[in-house]
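The sequence shown lines up with residues 673 to 766 when you count with our numbering.
From the three backbone atoms N, C-alpha and C, an ideal C-beta is built for every residue, glycine too.
Worksheet for the structure shown next.
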Amino acid sequence: MRRPKIQPIRNKLDLADPVQVRIVTRRLGLSQAELTEMVGRIGNSLAAISKEVHSQRTGKLSAPAGVPPAAVIASVTATESAAAEVTTPAEASS
673 MRRPKIQPIR
683 NKLDLADPVQ
693 VRIVTRRLGL
703 SQAELTEMVG
713 RIGNSLAAIS
723 KEVHSQRTGK
733 LSAPAGVPPA
743 AVIASVTATE
753 SAAAEVTTPA
763 EASS
C-alpha cells in the first residue's frame, strides 16, 4: 500500500519543524526566541507574523531620535529662502 505524503500547510508555521523555523527567522531577521514569543502572542499564521514584524520595524523607524519636528524644519527653510532673496551691496551695484 502506498501512503500519501502529508503536505505541510503553507500558510502556517510549525514551531516543531526546525527547517521552517530556520527559514522564517532568516527571512524576517528574528531570533528563535523572538519568533516563539510572537507566535505565542499573535498565532502561527505566516502572514500575521510578517505583518507584525513589518509594523514593528516601521514603528521604530518612524520617530528617529534627534530629528527636529517638521515646524522647525519649515521655519529654517523659510528663513534660508528669505536670506537668499536679500541682495548684497556688491550685487546691487552690478
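Kindly list the residues whose CB is nearer than 8 Å to the CB of residue i, restricted to its own chain and excluding five residues on each side of it in sequence; keep chain order.
i	result
V696	L685, L702, L707, L718 and I721
N716	K684, L685, D686 and L687
E709	none
V711	L685, L687 and I721
Q704	V693 and T697
V725	L700, G701, L702 and M710
Could you tell me the distance, in whole angstroms, from the CA atom of residue i to the CA atom of residue j?
i	j	result
G731	L700	16 Å
A688	A746	53 Å
R694	P676	26 Å
I714	V691	21 Å
S727	R698	18 Å
Please state whether DSSP places residue i in a helix, a strand or coil.
i	result
S717	strand
K684	strand
S703	coil
K723	helix
Would you mind sorting residue i into buried or exposed? The rule is 16 or more other CB atoms within 10 Å of its CB.
i	result
M673	exposed
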